[in-house]
Structures are given as structure tokens and as C-alpha cells.
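Heads up, the thing below is written out as C-alpha cells.
2 protein chains.
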Amino acid sequence: MPLLGLLPWRAWAALLSQLLRPPCASCTGAVRCQSQVAEAVLTSQLKAHQEKPNFIIKIPKGTRDLSPQHMVVREKILDLVISCFKRHGAKGMDTPAFELKEILTEKYGEDSGLMYDLKDQGGELLSLRYDLTVPFARYLAMNKVKKMKRYHVGKVWRRESPTIVQGRYREFCQCDFDIAGQFDPMIPDAECLKIMCEILSGLQLGDFLIKVNDRRIVDGMFAACGVPESKFRAICSSIDKLDKMAWKDVRHEMVAKKGLAPEVADRIGDYVQCHGGVSLVEQMFQDPRLSQNKQALEGLGDLKLLFEYLTLFGIAEKISFDLSLARGLDYYTGVIYEAVLLQTPTQAGEEPLNVGSVAAGGRYDGLVGMFDPKGHKVPCVGLSIGVERIFYIVDGFLMILFVLIFGTTKGEKVRTTETQVFVATPQKNFLQERLKLITELWDAGIKAEMLYKNNPKLLTQLHYCESTGIPLVVIIGEQELKEGVIKIRSVASREEVAIKRENLVAEIQNRLSES
Amino acid sequence: MPLLGLLPWRAWAALLSQLLRPPCASCTGAVRCQSQVAEAVLTSQLKAHQEKPNFIIKIPKGTRDLSPQHMVVREKILDLVISCFKRHGAKGMDTPAFELKEILTEKYGEDSGLMYDLKDQGGELLSLRYDLTVPFARYLAMNKVKKMKRYHVGKVWRRESPTIVQGRYREFCQCDFDIAGQFDPMIPDAECLKIMCEILSGLQLGDFLIKVNDRRIVDGMFAACGVPESKFRAICSSIDKLDKMAWKDVRHEMVAKKGLAPEVADRIGDYVQCHGGVSLVEQMFQDPRLSQNKQALEGLGDLKLLFEYLTLFGIAEKISFDLSLARGLDYYTGVIYEAVLLQTPTQAGEEPLNVGSVAAGGRYDGLVGMFDPKGHKVPCVGLSIGVERIFYIVDGFLMILFVLIFGTTKGEKVRTTETQVFVATPQKNFLQERLKLITELWDAGIKAEMLYKNNPKLLTQLHYCESTGIPLVVIIGEQELKEGVIKIRSVASREEVAIKRENLVAEIQNRLSES
């Protein structure tokens with residue numbers, strides 16, 4: 001499934017996905033509902049609408065519908081992601097869309113204000129889940145599970161300022177894989193990175209890089225630079241913005257808004273420019289400031305071991321130790337990572353397609369213990385695939401592909417149904433025969449359609465097959481009925497053959513298995 | 001996939017699914033969080049917890065987690081349902097979990113109060129979707145789609161008093177299939193009933209019946225009995241409760257709470273006892289009161305045509321014209337239907353397992369027009385499969401099956417992973433070799449696991465395979481490494497053979513394709 005190939009398609013994608021998006025009134029703004037329908041059965045509801053002449057038909061800010069075309073692309077991406085998770089031995093799981101608000105509080109640092117709360121309608125105070133990690137930790141603690149490798153695909157909700165053009169929504173789908181349990185160091189962590197590589201390679205999104213760091217190195221760096229411990233998480237949140245903001249703006253935030261001394265900020269500035277392979281790990285072991293910090297040394301030791309395993313997995317060249325990586329969420333305690341797609345140099349005037357990180361994760365050894373009455377810990381490490389952003393990229397690309405390869409030539413489209421056979425008739429008053437015939441096909445497990453008309457024209461029926469990509473037509477008319485035969489027509493070649501009625505299902509199954 | 005067989009398993013199911021449910025602390029009530037963990041990195045969060053000594057770890061009322069065992073069953077059910085929808089030519093679609101509150105208001109009759117509203121955090125007023133039908137109608141109107149056959153699988157939320165023991169939750173999954181568009185009468189309606197039959201037969205839930213009526217017959221019956229038009233929908237809601245309440249209680253509600261004259265209620269009482277096949281349709285054409293009502297006659301005419309098509313589809317004997325069927329939702333305008341599992345006579349002292357309707361739907365020709373600025377209508381008919389209730393039944397049954405067939409004999413369990421190969425070693429210091437080996441397998445698309453330990457014992461590794469059902473083990477040790485071979489072991493037969501290292505992937509693929 002080569003979903004994406006070589007470049008300069010990114011700028012194209014941005015443009016074309018705008019041009020080609022399915023018709024959507026939500027973009028065009030207000031639509032007034034004047035309710036001209038007036039049936040007795042609907043009276044009461046209609047009255048309500050007539051009383052609201054400014055009633056606007058739209059979807060909530062930052063959300064979107066997935067059209068059948070979108071769904072085809074999404075299904076392909078999810079299939080690839082889930083089959084990778086299963087290849088690594090993960091079990092499936094699901095949790096409710098909302099949790100008690102208390103469960104989610106104080107887990108997300110500065111972003112906690114972006115949670116969607118439910119209205120107090122009497123009863124518990126609830127919030128929509130903000131990620132799949134905290135519900136997983138709650139599940140482990142609640143059920144006293146000490147060891148588990150699971151995946152979870154589901155929607156999460158965040159009240160972010162939506163910048164929809166770059167694939168960020170307020171409702172989006174995450175695909176998470178996590179390993180919970182006490183194991184020898186860095187083996188599960190390395191597997192998480194291997195999984196990220198397999199998925200990003202599999203989706204053929206072009207070249208990518210996974211930035212790696214460790215929360216203990218981040219904190220050690222802060223301590224070594226003179227950041228007061230009480231400001232660790234706040235400064236961490238600022239550093240996390242380095243992929244979207246320039247250093248000078250991040251520095252300004254740390255100094256002016258968060259009260260960091262300018263010389264401390266500048267020391268941090270020296271470190272966050274560093275990135276490299278395992279040699280940078282060795283170099284940091286010798287760093288005069290970091291080498292004095294016990295936490296940082298632990299982190300560096302683990303990263304060294306991690307790189308050893310990554311080499312055995314054959315993915316070391318995809319990984320970059322990057323001291324600017326901090327990750328915003330509060331719960332990380334060890335190794336952290338984030339995958340980015342590598343931009344190609346765009347031509348003059350082309351807007352680079354910036355989708356930010358497409359996958360991320362890390363180790364969170366303290367989260368489960370926060371939910372356990374006795375504080376018993378279950379160490380965890382995991383990753384999250386940002387399907388929405390990948391979807392945005394792949395979707396943009398697929399649309400170009402259809403235009404370039406099919407659209408401009410034969411009018412062929414992406415199929416949104418899987419129908420194999422169409423039941424047609426050239427005659428009037430053949431509805432009964434069509435219904436009997438299609439029942440036979442359905443009952444044999446064959447995907448079949450017909451038009452919901454008593455007397456459709458043959459041409460209309462054949463056009464339907466061509467426009468929806470149905471490969472086979474079975475035709476029944478007076479003559480066929482008399483002779484006990486059915487005509488099978490190939491839509492592509494327009495060839496027709498008559499076969500015995502009783503052989504119909506077998507013959508179709510035969511043809512479908514050949515194609 | 002014979003998920004369910006013959007009976008008296010229902011009473012068993014209720015009992016056993018209680019006994020066998022995975023450990024779940026939510027049932028045991030309050031758990032105090034005393035937070036004995038105290039790491040620097042977690043200080044801020046922990047403080048928050050220490051300040052809440054009564055913090056309770058549980059999930060929201062009326063919701064549940066799906067464990068890996070549950071997910072295996074759910075996936076089987078959804079696969080069967082979705083493949084049926086695709087067999088009938090439906091496209092996939094998705095909409096956001098919440099809609100503007102105004103979109104959902106006035107669509108659900110008396111049940112509208114059960115909607116989950118989101119808190120007003122500035123911006124739009126939102127509610128969680130209550131079904132998948134209203135979002136579908138909103139989608140059609142917003143995108144000016146006049147014709148579409150789509151399916152939609154997704155969660156919906158209703159603040160009902162949860163009676164979890166009968167498979168009713170506040171968060172549950174629906175599988176909807178709908179046909180939108182102007183077609184010749186009753187052909188799409190008949191297909192919806194055919195789909196319900198295919199799914200319920202496919203799931204092998206035991207014998208079932210689909211009750212059918214028409215909103216125009218219901219309204220005609222009300223008019224003929226002397227119900228004032230303003231009370232139609234309210235009385236409809238009362239009638240809808242007949243599957244859960246006795247007639248005398250429903251009558252009391254209509255008379256005492258809704259102000260219906262007792263003699264009118266009694267006239268309705270005579271009708272709602274009637275159910276039967278197409279002969280009852282003929283009989284009602286002759287009914288002195290109904291035959292005077294234009295609406296009722298239209299409904300009866302359509303039902304007659306419907307039965308003709310159902311006979312051609314070979315499912316007429318599964319369908320019962322039932323005058324007690326009303327359906328609570330406001331938006332239905334034509335034929336309505338509801339599938340129920342037929343109870344077997346339970347033995348004395350056994351509680352019958354009442355799961356209510358497992359699938360339902362009907363025609364709603366006015367809903368899309370309510371969202372269209374000019375009131376343009378798009379006639380629709382559809383159905384919804386209540387996966388949660390089916391899940392409850394199948395789940396209960398599967399658990400019995402495992403106990404009876406596997407549990408008591410060989411300790412075999414339902415597999416929650418799909419891992420095909422386990423990478424093991426009998427020697428110390430073989431982590432590197434195991435990592436290289438498993439990389440080869442993963443990169444060849446083989447589902448593989450190993451233990452995350454530097455020096456695991458061979459017995460521990462083999463036990464892991466037996467307890468998780470992994471069929472093959474590949475073993476590498478010093479001797480194998482020296483000779484350039486790998487041992488392959490079948491977990492079931494315990495047979496081992498040595499093969500050349502370079503043939504490993506091919507040999508495993510060969511074995512997996514045979515099994």
C-alpha cells in the first residue's frame with residue numbers, strides 16, 4: 001500500500017485538499033431554517049424551529065464529519081497501525097469517553113484547562129478524556145493489574161484553538177500502545193521506538209526522525225543551569241514549545257512570564273541546541289555541569305543502553321538524542337520521544353506543510369501509583385500515534401493521486417463501497433425477479449445491490465455500476481427467465497455470457513476469487 | 001462462528017457472567033488514595049491527591065471498561081454486523097461525538113431530558129449525541145446530499161437510570177444502517193428488515209421476531225379512538241412502554257398522568273392486543289374505525305406491499321404486524337420495527353433474561369427537512385443494532401462456553417493476542433541475539449513476542465507461551481549460534497526441529513500458512 005511517495009507534494013497537498021474536499025456547508029457559515037415542511041406528525045418539532053429563525057446548521061468548532069472518502073483512507077491507516085500493535089503482542093481495550101473529573105485533574109500540566117467538562121446535571125462531575133494514557137493508568141490501578149501490553153484506539157477531546165489546516169482538531173483519534181510492568185531496563189522502551197518506526201515506514205509518509213530525551217536529563221539540566229525546583233514543570237512546558245516557537249520567544253516566556261533569571265535561561269539555551277546520536281550521549285557524560293547531577297547521569301546511562309538496543313533493532317539512524325525535547329505532559333518520568341516528518345525544501349512561494357509531531361510517547365512510572373490506595377507503582381512506557389495528522393497528510397496525498405492518475409484520465413474514483421455484483425433487468429415489471437435473485441446472492445455472502453425502483457432503465461442501471469465501480473452485473477429478463485439462464489456482464493469489458501440459473505452463485509464466486 | 005446455540009443458557013448466562021467478570025474495583029466502591037509515592041518529579045500532582053483523602057477511583061455511573069476478553073467478543077460481533085452492511089452496499093461515515101445542543105433539541109420526545117450536555121466553558125452550547133440518526137440527517141442537510149446508503153458504528157450517550165444487569169448502559173455502541181433518497185415505496189424498507197434478519201441469524205442468538213407497525217397506523221388508531229391530536233406523541237411514548245410495563249400500568253399513565261379519557265384508553269387497549277401476519281393487515285383494512293382514517297389506510301397499504309417483498313426475501317415468517325409497537329422517538333413518520341429475542345420458558349425459580357429489543361428502526365421522512373433552510377425533504381429509512389445488549393448476551397454465553405468446554409478440561413482460554421511466535425533462549429547473556437532474531441520476524445510481518453528480561457529461565461518462557469496460547473517457539477542458544485541453526489518448537493506437541501538460520505522466516509511462514 002504505497003500511500004505516499006516522493007515529494008514536493010506537500011504544498012500541492014495543502015492546496016488540493018482544499019479544492020477537493022467534499023461539499024460541506026459548515027464552511028460557508030450560517031444557513032437559515034425556515035421550515036416550509038408542515039405535516040401533522042411533525043407539527044410540534046417544526047414549531048420549535050420556526051421560533052428560532054436564526055437556527056444555524058453547523059458542526060461544533062474544531063470538529064468535522066468523516067465522509068465515506070475520508071473513511072476509506074482512515075480505515076487503511078488504522079488497519080496498518082493496529083496490525084503493527086498486534087504484531088508486537090498487544091491486546092485490545094476500551095474505556096468510557098468520559099471519566100470522573102478528579103481522575104483527570106492535575107495530570108496534564110498547563111494544558112489542564114483544555115479539558116471538556118460535562119454539565120452538572122445532578123450526580124458525578126465528569127470530563128471527556130484528554131488522552132488514552134490516564135484512563136489506562138486508572139484501569140490498571142482499579143483492577144490491580146501489574147503487567148499488561150495493550151493497544152487502544154479511540155477519540156480524545158481537547159479545547160485547543162483549532163488550526164484545522166494543519167491537521168489539528170478538538171476531537172481527534174489516538175492510537176496508543178503501552179507496556180505496563182516491572183522489566184529489565186530499556187527493553188520495552190526500545191520496542192516502543194521500533195513500533196513507531198515500523199508504523200511510520202509502513203505508511204510511507206516520507207523521511208522521518210524520532211527525537212529522544214529523558215525527563216531526568218531535562219530536570220538535571222534545569223538543576224545544573226540553576227532553575228528553582230518549583231519551576232521545573234513550568235519551564236518544561238516552555239521548552240516543549242520549541243518546535244512551534246523560536247528560541248528567543250521561548251526565552252522571553254521563561255524570563256518575562258515565568259520569572260526565570262536571564263542568565264539561567266541562556267544556560268538552558270546552550271543545551272537545547274544540542275542534538276545528535278549516541279556520541280552526544282557520551283559527550284554529555286563529560287559535560288562539566290550535567291556530570292555532577294545524579295538524575296541526569298541515570299538518564300544518560302539509560303539512553304546509552306537504549307541506543308544499544310536500537311542498533312540491534314536496526315533503527316538507530318532514525319533516532320536523534322535531542323536536548324530540546326521536553327514533552328508538555330506532567331506524568332513522564334524517564335525516556336521521552338517524538339516523531340517528526342522531515343520537511344523537504346519547498347520552492348519559492350510554497351507554504352511548507354507543517355504538521356508537527358505525528359507520534360510521541362515516553363515512560364511514566366508514577367502515574368498508576370497515583371491511583372493506587374497504597375501508592376503501589378506499576379512502571380509504564382508507551383506511545384501514541386497522531387492519526388489525525390497522518391490522516392491529513394495521507395488524505396491530501398491520496399486526493400492528488402486520484403486527480404493525477406485517475407481523475408484527469410478515466411474518471412475513476414476511490415471506491416467507498418465494496419459491492420461486487422449489481423442485479424439488473426432490461427424489462428418492466430421485473431422487480432419480483434430481481435428481489436428473488438438478490439436474496440440468493442446476499443444469502444450466499446455476496447455483496448450485491450440493485451436500484452430501489454420498480455422499472456429502472458437498463459442504461460441507468462449500467463451507469464450506476466460504472467460510476468460506483470461495481471465489477472459485475474447479473475441481468476434477468478423475460479428471455480432469461482424462460483430459458484432458465486442469467487446473463488453475467490463484466491462492467492469493464494462489457495462482455496456478456498449466459499449461464500444456467502442454478503450455477504449463478506458458484507460462477508460469481510469463481511469470478512470474484514479470480515479477480 | 002456459532003456464538004450461541006440452544007437454550008436454557010439464558011439463566012446460566014446471567015449467573016455466570018456475574019461470576020466470571022474480570023476483577024473490577026468499581027463495584028467494590030470507595031478506594032482511598034493515600035499517596036505513599038513521593039518522588040521529586042511527582043510532587044505537585046501528589047500534593048493535590050494528598051489534599052483529597054476521599055478521592056475515589058472508579059468509573060462514571062452506567063459506564064464500563066472493555067477488558068481484552070470483552071474486546072475479542074465485541075470485535076467478532078462488529079465484524080459480522082459491518083460485513084453485512086457492506087454486503088448491502090453501504091458506505092462508512094463518522095460524525096463528532098457532540099453536536100450543537102440546538103441540533104438535538106426537540107427530536108427525541110419525552111426522552112430529551114436524558115441528553116448529556118457539555119458545560120458552558122465559553123463558546124457553543126454542546127450535547128453528546130443521543131443516537132446516530134439525527135447526526136446523519138444533519139449531515140445530509142448540511143452537505144445537500146439527496147441520496148446515500150451509509151453505515152455508522154459509534155458510541156452514543158443517554159443519562160438513563162442504568163440497569164446494567166440487563167445490558168443497558170449510559171454509554172453504548174450503536175451500529176446504524178440507513179438509506180436516504182426518494183425511491184419506489186417499501187423496497188428500501190424491506191431491505192432494512194432483511195438486514196436485521198441476516199444479522200440476528202448470523203449472530204445465532206436463538207429465535208427472534210421482528211415486530212412491525214407504521215406511525216400512520218398508530219396515529220390513525222389514536223384518531224379513530226378519539227385521542228386529541230395534541231396528545232398523539234405523548235400517548236405514543238406511553239404505548240412504547242408496553243414491552244416493559246403491563247397494559248394496566250400503561251393505561252394508568254395515559255389516564256392519570258396524561259389526561260386521556262378512560263373510554264379512549266380502553267379503545268386503544270383493544271387494538272394493542274392485536275398482532276399477526278399479513279392476514280391481520282387485511283383484517284385491519286376491514287376494521288370499522290381504522291378504515292375510515294386516510295392515514296391509517298396509507299400505512300396499511302404500505303404494510304401490505306412490504307409483506308409482499310418480505311416474502312420474496314424469504315423472511316416473512318420472522319415478521320409480526322403488531323399494533324402495540326409505537327417507538328418512542330418523535331421523528332418516525334412511516335413503517336417502524338423492533339426485533340426481540342424470543343424467551344424460552346424458564347424453569348421454576350429461574351429469572352428470565354430480559355434484554356428487551358436488540359435492533360430497531362423505521363422511516364423518518366421529515367427529519368432532514370427540519371435541518372434544510374428551505375425545508376427540502378430527503379426521505380430516509382434505517383435501522384440500529386443494539387450491540388451492547390447483543391454483546392451482553394453473547395458475552396454471557398461465550399463465558400459459559402469457555403468454562404464448560406475449555407475451563408473445566410484443559411485450562412485453555414480465549415486468546416486476547418494474536419502472537420504467532422515466541423523468541424526464547426535457554427542461556428544467559430543472549431538478549432542481543434534474541435533482539436536480532438525478533439527484529440527479523442517483525443520485519444517479515446510475523447507476530448512475535450519475547451520476555452523483557454536479560455536472563456529469563458527457559459521454563460518461564462515456555463510457560464508464557466502455554467498460558468497465552470502462542471503456537472510456536474524459536475529457540476536460540478550457544479550451540480545453535482555456533483552451528484548457524486535455530487530450533488523451532490511446537491508448543492502443543494513439544495516437538496523440536498533445528499533448521500538453518502537463513503531459512504527461519506520462510507519456514508515459519510510455511511508453518512503458519514498450514515495451520
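Just so you know, the sequences run in chain order H and W.
Taken in order, the first sequence gives residues 1 to 515; the numbers are from the working numbering.
Taken in order, the second sequence gives residues 1 to 515; the numbers are from the working numbering.
All C-beta atoms in this analysis are idealised placements derived from N, C-alpha and C, irrespective of residue type, glycine included.
From a predicted model like this one, the values you see are computed outputs, not experimental measurements.
Cβ of residue i within 9 Å of any chain W Cβ
| i | result |
| --- | --- |
| F183/H | yes |
| Y392/H | no |
| I486/H | no |
| I199/H | no |
| A256/H | no |
| E507/H | no |
| E99/H | yes |
| T417/H | yes |
| F285/H | no |
C-alpha distance - residue i paired with residue j, whole-angstrom precision
| i | j | result |
| --- | --- | --- |
| V474/H | K91/W | 22 Å |
| R159/H | Y116/H | 7 Å |
| F391/W | S357/W | 13 Å |
| Q292/W | L300/W | 12 Å |
| G122/H | L118/W | 13 Å |
| P345/H | I393/H | In this prediction, P345/H has a pLDDT of 40, which is less than 50 and means its spatial position is unreliable; nothing more can be read from the coordinates. |
| G277/H | L312/H | 15 Å |
| R489/W | E495/W | 6 Å |
| E514/W | W442/H | 30 Å |
| D120/W | D120/H | 10 Å |
Minimum C-alpha distance to residue i - residue among the options
| i | options | result |
| --- | --- | --- |
| L451/H | A359/W, E191/W and D266/W | E191/W |
| A492/H | V358/H, C465/H, G206/H and S320/H | C465/H |
| D518/W | W247/W, L504/W and G277/W | As displayed, chain W neither begins before 1 nor continues past 515, which places residue 518/W out of reach and without an answer. |
| A316/H | I210/H, H463/H, G366/H and K436/H | I210/H |
| D65/H | I470/H, D249/H, K119/H and E388/H | E388/H |
| P68/W | A224/W, R168/W and R415/W | R415/W |
| L78/H | A224/H, T95/H and G386/H | G386/H |
| E110/W | P426/W, C274/W and K241/W | K241/W |
| C274/H | I508/H, M221/H, V250/H and A256/H | M221/H |
| L100/W | E124/W, W157/W and Y108/W | E124/W |
| N454/W | T460/W, L462/W, N429/W and G469/W | N429/W |
| R363/W | T419/W, M93/W, R289/W and F183/W | F183/W |
Interface flag, residue i vs chain H, CB-CB below 9 Å
| i | result |
| --- | --- |
| K453/W | yes |
| L118/W | yes |
| N143/W | yes |
| T460/W | no |
| G349/W | Low confidence applies here, because G349/W scores a pLDDT of 49, under 50, leaving its location unreliable; read the following figure in that light. No, G349/W does not count as interfacial toward chain H. |
| S320/W | no |
| W442/W | yes |
| V72/W | yes |
| Y542/W | Here chain W comprises residues numbered 1 to 515, so residue 542/W is not present and cannot be evaluated. |
| K149/W | yes |
Beta carbon of residue i nearer than 9 Å to that of residue j
| i | j | result |
| --- | --- | --- |
| L104/H | V134/H | yes |
| V421/W | K457/W | no |
| V212/H | L303/H | yes |
| G202/H | K149/H | no |
| V272/H | L323/H | yes |
| I336/W | G314/W | no |
| I476/W | R511/W | no |
| L200/H | A424/H | no |
| F85/W | C173/W | no |
The region 54-72 of chain W touching the region 147-155 of chain W, judged by at least three CB pairs closer than 8 Å: no
Cβ contact check for the region 280-293 of chain H and the region 229-244 of chain H: 3 or more pairs under 8 Å: no
Cβ pair count under 8 Å reaching 3, the region 368-386 of chain W against the region 137-149 of chain W: yes
Validate contact between the region 479-489 of chain W and the region 212-222 of chain H using beta carbons, cut 8 Å, 3 pairs: no
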